[in-house]
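Undergrad: I'd like to ask you about the structure that follows.
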Amino acid sequence: MAYDFGANTLGIKNPFKTEGLIKTIAGLAICIMGIFPLLDVAEALQVDMVKAWLNAALGLILLTWGFRHLGIGLFQLFKYFVGRSVPTSLAYNFNPSEKENAQAEKNSTAYDNEELESMLMGRKNTTFVEPIGWVSRLIHSVLPKLVFLPYPMRNFVQELGGLVLSSFTALIAFAIAYFISLSGLVGQSGQYIVPILSLLLLIYLTVLWRSTANSLTNYKNRSLHAKGAASLAKLITIAILVPVAIGYLFSQIDPRNLQDITALFDGAAAFSAWFNLILFLLLSGGVIGISAILLKERFKLVTPVTEVSEYRENLQESVHPNEIFINIENIVLANRRYKEIPNRVYQDFDPKLQEQSQGKGSFKGKLLIETQPELADINYSKSFKTTRLLASIAAQVLVVIAALLVIRLFGTGYDLYASAQELLPKLEYANDETVGTIFYQLSDLLASFLVTLFSWQAVSAAGKILANGSRLFWAEIHFSSLLMWMKTEGTYTESKISTGMSIHDSTRSENVVVRSSITPWILSSRIRTSTFATSGTQNLEMPRYILELTKNSGELNTIIDEIKGFLKNREAIASIQNEGDLKNAETIYQVNQQSRVQFNEVNPAQQEKLTEEAAGYLRQQEALEQNESRANNQADNSNNSNEEKSGEKNRENKSN
337 MAYDFGANTL GIKNPFKTEG LIKTIAGLAI CIMGIFPLLD VAEALQVDMV
387 KAWLNAALGL ILLTWGFRHL GIGLFQLFKY FVGRSVPTSL AYNFNPSEKE
437 NAQAEKNSTA YDNEELESML MGRKNTTFVE PIGWVSRLIH SVLPKLVFLP
487 YPMRNFVQEL GGLVLSSFTA LIAFAIAYFI SLSGLVGQSG QYIVPILSLL
537 LLIYLTVLWR STANSLTNYK NRSLHAKGAA SLAKLITIAI LVPVAIGYLF
587 SQIDPRNLQD ITALFDGAAA FSAWFNLILF LLLSGGVIGI SAILLKERFK
637 LVTPVTEVSE YRENLQESVH PNEIFINIEN IVLANRRYKE IPNRVYQDFD
687 PKLQEQSQGK GSFKGKLLIE TQPELADINY SKSFKTTRLL ASIAAQVLVV
737 IAALLVIRLF GTGYDLYASA QELLPKLEYA NDETVGTIFY QLSDLLASFL
787 VTLFSWQAVS AAGKILANGS RLFWAEIHFS SLLMWMKTEG TYTESKISTG
837 MSIHDSTRSE NVVVRSSITP WILSSRIRTS TFATSGTQNL EMPRYILELT
887 KNSGELNTII DEIKGFLKNR EAIASIQNEG DLKNAETIYQ VNQQSRVQFN
937 EVNPAQQEKL TEEAAGYLRQ QEALEQNESR ANNQADNSNN SNEEKSGEKN
987 RENKSN
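Heads up, this note's numbering is the position in the sequence shown plus 336, with the first residue counted as 1.
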């Protein structure tokens, strides 16, 4: 959508300044962290080339990450450019002056004109659709008011709820596999299956959290996501089959090799997933707790009203049907423009007149229009604003902690590499006890590396989920506008009205009057809509959702009064408005008056004689006209008879 500048702005301010400031500080902190590894590169080159390259790679990664984060934060602090064409229309806009914007936003509209007409006619809101899927229905049953929120918020809650259910199911599956492994159902290999299952569990949770975080980045949601329970059932099935499969593989190993493997595992430091599982649980609790407070406060603003004002009547007026449509669209509704911005036309009037014989006919037309949406205040409570601020701060703190974990990850990775370079050559001449010690040291470092790796992924994903979730509550903007649907049907007849027909009048007015029987049906509502802003060139071009339809009887009555006032003030007889014509008509009137005076000065006998002569002249003219019409009729009859006689002769000749 183009940036349509106008001095009279819409008054929409940048909603992301606070979040942008917090993100800028976090990005600056990550950049500072990235400088220190680069400063150690020169010193590390004298000791170990690998360490120097790792420091260089770590510094480059942190600086790239930090500058990107800093750039996003600064971008949110920049001036928020809002033109006069925002926000997005509810449906395709047929207004001729908005063709370019209509083409640009046609893929972002949330409804069509038929759906909007159905909403007004049926007193319903199709935005509040039924949840799809077992998990979605469970979440909406626990949170009944969730159905009245816009799609991005509903999808956020569904994704978060699905994440919690999947994580909880994964823990149950791990508990089942743990019981199967240690109960002896899979043989002696049970004690070695638990670390493998722990690693698989952490990999699954990491992938689950990362996918959830990525799914929350799309604000251009025009539909509700489906959330089923098929994946949960598959997870339980896998938890039962994996231990059995691993146990079967162990049973196929040669017993002599199995003893060596057993001795090797016994001397190794077993990988424990408890720290990472507890971390996942703590992060889940924090994200859920903050999101629950924000949702609770947002639920207080839910008022799912679907009320519509209606007007139906039959009017008998002397007006052409086209004049009705022109007045409503170009005057009545144009007077309701907000800051002189063109209205959004979702269904053009396009009146259809069906003319019949003898000046009669019928007409019909429809109109669906919305005035320019004006910014509406959202009455957030103090606790909501405080929680939203804390959520953004917590999200950026987690991002900084994730950066610190990356530094630690590089450190443990280098320690593992250095130890492997030092200890692996000793295995060639080491005894069994030394081999066990070396293997224990390496496995301990590997376990520390894995713990750091999964901790980094968990903290990073939690920060991204919390940042995207809290951003929804910063980005929501409400608008208020008038949505009106009108259908006009009726019939019309034409008749003539003539004035100034006196024998002494020299000027007269003859007018064709159209008498219309009009049956208007008007549905009107003051709607409240919601959209989610972003930073960039498409800052307010996201889909806009209808949340409330409120009666506006006073506004509708004003519209009806203006229409009726227009109909009453219509003039059926043409008059003279030009001053020159008025003077000429006055001169002719004076001449007529003078002729009447002269006529009255004549004696009564002469007046009677002149009147009789005038009347005789009129009768003579009428007789001449009648004789001419009779002669014409006789000529037509004679022509017809001659044609018939000639036709009979032709037929006789043909028969002969």
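Yeah, the Cβ is synthetic: ideal placement off N, Cα and C, and Gly gets one too. The structure presented is a predicted model; accordingly, all values stated were derived computationally and were not measured.
Hey, V493 and L482: beta-carbon distance below 8 Å or not?
TA: As a working mapping, residue 493 is identified with position 157 in the sequence shown. As a working mapping, residue 482 is identified with position 146 in the sequence shown. Yes, these two residues count as a Cβ contact at 8 Å.
Undergrad: Under the rule that 16 or more other beta-carbon atoms within 10 Å means buried, what is T707, buried or exposed?
TA: Numbered from its first residue, the sequence shown carries residue 707 at position 371. Classification for T707: buried.
Undergrad: Measuring CA to CA, which of L617, M878, G826 is closest to L808?
TA: Mapped onto the sequence shown, residue 808 falls at position 472. Closest by alpha carbon: M878.
Undergrad: Would you kindly work out how many angstroms separate the C-alpha atoms of T360 and K823, rounded to a whole number?
TA: Counting from 1 along the sequence shown, the entry for residue 360 is found at position 24. Counting from 1 along the sequence shown, the entry for residue 823 is found at position 487. Distance between the alpha carbons of T360 and K823: 54 Å.
Undergrad: Whose C-beta lies closer than 8 Å to the C-beta of W810 among residues of the same chain, with five residues either side of it excluded?
TA: In the sequence shown, the residue the question calls residue 810 occupies position 474. Only P351, F352, T354, E355, R724, S728 meet the Cβ criterion.
Undergrad: How long is the line joining the alpha carbons of A604 and A738, rounded to whole angstroms?
TA: By one-based count along the sequence shown, residue 604 stands at place 268. By one-based count along the sequence shown, residue 738 stands at place 402. With a pLDDT of 48 at A604, under the threshold of 50, the predicted position of this residue should be treated as unreliable, and no value is reported.
Undergrad: Please report the distance separating the alpha-carbon of G402 from that of W792.
TA: In the sequence shown, counting from the first residue as 1, residue 402 sits at position 66. In the sequence shown, counting from the first residue as 1, residue 792 sits at position 456. Looking at the two C-alpha atoms, the distance is approximately 16 Å.
Undergrad: Compute the Euclidean distance between the alpha carbons of F510 and V478, then round it to the nearest angstrom.
TA: By one-based count along the sequence shown, residue 510 stands at place 174. By one-based count along the sequence shown, residue 478 stands at place 142. The straight-line gap from Cα to Cα measures roughly 26 Å.
Undergrad: Can you grab the Cα-Cα spacing for the pair E825 / G701, in whole Å?
TA: On the sequence shown, position 489 is the one that residue 825 refers to. On the sequence shown, position 365 is the one that residue 701 refers to. Approximately 7 Å between the Cα atoms of the pair.
Undergrad: Under a three-way DSSP split, which group does K823 fall into?
TA: Here the question's residue 823 lines up with position 487 in the sequence shown. The answer is strand: DSSP assigns K823 an E or B state.
Undergrad: Within 10 angstroms of its Cβ, does S817 collect 16 or more other Cβ (buried), or is it exposed?
TA: As a working mapping, residue 817 is identified with position 481 in the sequence shown. Classification of S817: buried, given that the 10 Å Cβ count is 16 or more.
Undergrad: When the Cα atoms are used, what is the spatial distance from L752 to P486?
TA: Counted from its first residue, the sequence shown places residue 752 at position 416. Counted from its first residue, the sequence shown places residue 486 at position 150. Cα to Cα, L752 sits roughly 49 Å from P486.
Undergrad: Does the region 377-390 come close enough to the region 403-413 to have 3 or more Cβ pairs within less than 8 Å?
TA: Taking 8 Å as the limit for Cβ pairs, the verdict is that the region 403-413 does not touch the region 377-390.
Undergrad: Looking only at its own chain, which residues have a Cβ that is under 6 Å from the Cβ of L859, when we skip the five neighbours before and after it?
TA: Here residue 859 corresponds to residue number 523 of the sequence shown, with the count starting at 1. L456, V644, E646, W821, listed in sequence order.
Undergrad: Which same chain residues end up closer than 7 Å to K800 when comparing Cβ atoms and leaving out the 5 residues on each side of it in sequence?
TA: Counted from its first residue, the sequence shown places residue 800 at position 464. Hits under 7 Å: A549.
Undergrad: For I366 versus L398, is the C-beta spacing smaller than 8 Å?
TA: In the sequence shown, counting from the first residue as 1, residue 366 sits at position 30. In the sequence shown, counting from the first residue as 1, residue 398 sits at position 62. The answer is yes: Cβ separation under 8 Å.
Undergrad: Whole angstroms are fine: how far does the CA of A754 sit from the CA of T867?
TA: By 1-based counting over the sequence shown, the position of residue 867 is 531. By 1-based counting over the sequence shown, the position of residue 754 is 418. About 54 Å.
Undergrad: Thinking just about the alpha-carbon of each residue, which of A378, L876, V641, L630 is nearest to the one in L885?
TA: Within the sequence shown, the letter at position 549 stands for residue 885. It is V641 whose Cα lies nearest to the Cα of L885.
Undergrad: Please give me, in chain order, every unbroken run of the alpha helix (DSSP H) with length at least 4 that falls completely inside the region 390-442.
TA: Qualifying alpha helix (DSSP H) stretches, in chain order: 435-440.
Undergrad: Can you have a look at F504 and say buried or exposed, based on whether 16 or more other CB atoms are within 10 angstroms of its CB?
TA: On the sequence shown, residue 504 is found 168 positions in, with the first residue counted as 1. Result: exposed.
Undergrad: Compare the beta carbon distance of F899 and I664 with 8 Å and say whether it is the shorter of the two.
TA: For this step, residue 899 is matched to residue 563 along the sequence shown. For this step, residue 664 is matched to residue 328 along the sequence shown. Contrary to the premise, residue 899 reads as Ile rather than Phe in this sequence. Closer than 8 Å, so yes.
Undergrad: For the beta strand (DSSP E) that contains Q690, what are its first and last residues?
TA: Here residue 690 refers to the residue found at position 354 of the sequence shown. From DSSP, the beta strand (DSSP E) with Q690 extends over 688-691.
Undergrad: Between L618, Y674, P432, which lies nearest to N344 when the distance is taken from Cα to Cα?
TA: Counted from its first residue, the sequence shown places residue 344 at position 8. Answer by Cα proximity: Y674.
Undergrad: By Cβ distance, which residues of its chain are closer than 8 Å to Y514, with the 5 residues on each side in sequence left out?
TA: Taking the sequence shown and counting its residues from 1, the one referred to as residue 514 is at position 178. The answer, listed in chain order, is V530, L533.
Undergrad: Can we say the region 651-659 touches the region 889-898, given the rule of at least three CB pairs closer than 8 Å?
TA: Taking 8 Å as the limit for Cβ pairs, the verdict is that the region 889-898 does not touch the region 651-659.
Undergrad: So, L669 versus Q683, is the Cβ gap smaller than 8 Å?
TA: Position 333 of the sequence shown, counting from 1, holds the residue named residue 669. Position 347 of the sequence shown, counting from 1, holds the residue named residue 683. Going by C-beta atoms, L669 is not nearer than 8 Å to Q683.
Undergrad: Excluding the 5 residues preceding and the 5 following G395 in the sequence, name in chain order all residues of the same chain whose CB lies nearer than 6 Å to its CB.
TA: By one-based count along the sequence shown, residue 395 stands at place 59. Excluding residues within five positions, the ones whose Cβ falls inside 6 Å are G370, P373, L374.
Undergrad: When the Cα atoms are used, what is the spatial distance from T827 to N666?
TA: The residue you call residue 827 lines up with position 491 of the sequence shown. The residue you call residue 666 lines up with position 330 of the sequence shown. Cα to Cα, T827 sits roughly 22 Å from N666.
Undergrad: On the DSSP letters alone, give me the boundaries of the beta strand (DSSP E) that E884 sits inside.
TA: Position 548 of the sequence shown holds residue 884. Looking at the DSSP string, the run of the beta strand (DSSP E) that includes E884 is 881-886.
Undergrad: So, at 7 Å on beta carbons, what are the nonlocal neighbours of S871 in its own chain, with the 5 sequence-adjacent residues on each side left out?
TA: Looking up residue 871 in the sequence shown gives position 535. Closer than 7 Å at the Cβ level, and outside the excluded window around S871, lie F352, F411, Q412.
Undergrad: Around the Cβ of R648, are there at least 16 other Cβ atoms within 10 angstroms (buried) or fewer (exposed)?
TA: The count along the sequence shown starts at 1 and reaches residue 648 at position 312. Exposed.
Undergrad: For N992, collect the residues of the same chain with a Cβ closer than 7 Å to its Cβ; drop the 5 residues on either side in sequence, then sort them by chain order.
TA: By 1-based counting over the sequence shown, the position of residue 992 is 656. Note on N992: pLDDT 45, under 50, position unreliable in the model; the coordinate value appears next. There are no such residues.
Undergrad: Does the beta-carbon of W610 have 16 or more other beta-carbons within 10 angstroms, so that it is buried, or is it exposed?
TA: As a position in the sequence shown, residue 610 is number 274, starting the count at 1. Exposed, by the Cβ-count rule.
Undergrad: Tell me which same chain residues have a C-beta within less than 8 Å of the C-beta of R634, skipping the five on either side of it?
TA: Position 298 of the sequence shown, counted from the start, is the residue given in the question as residue 634. Within the same chain, R634 has close Cβ partners L485, M489, F720, F809.
Undergrad: Counting C-beta neighbours from all protein chains within 10 Å, is the total for E441 16 or more, i.e. buried, or is it exposed?
TA: Position 105 of the sequence shown, counted from the start, is the residue given in the question as residue 441. Its Cβ being crowded by 16 or more others within 10 Å, E441 is buried.
Undergrad: Since F352 is in the beta strand (DSSP E), which residue starts that stretch and which ends it?
TA: Here residue 352 corresponds to residue number 16 of the sequence shown, with the count starting at 1. Per DSSP, F352 belongs to no beta strand (DSSP E) and is neither H nor E.
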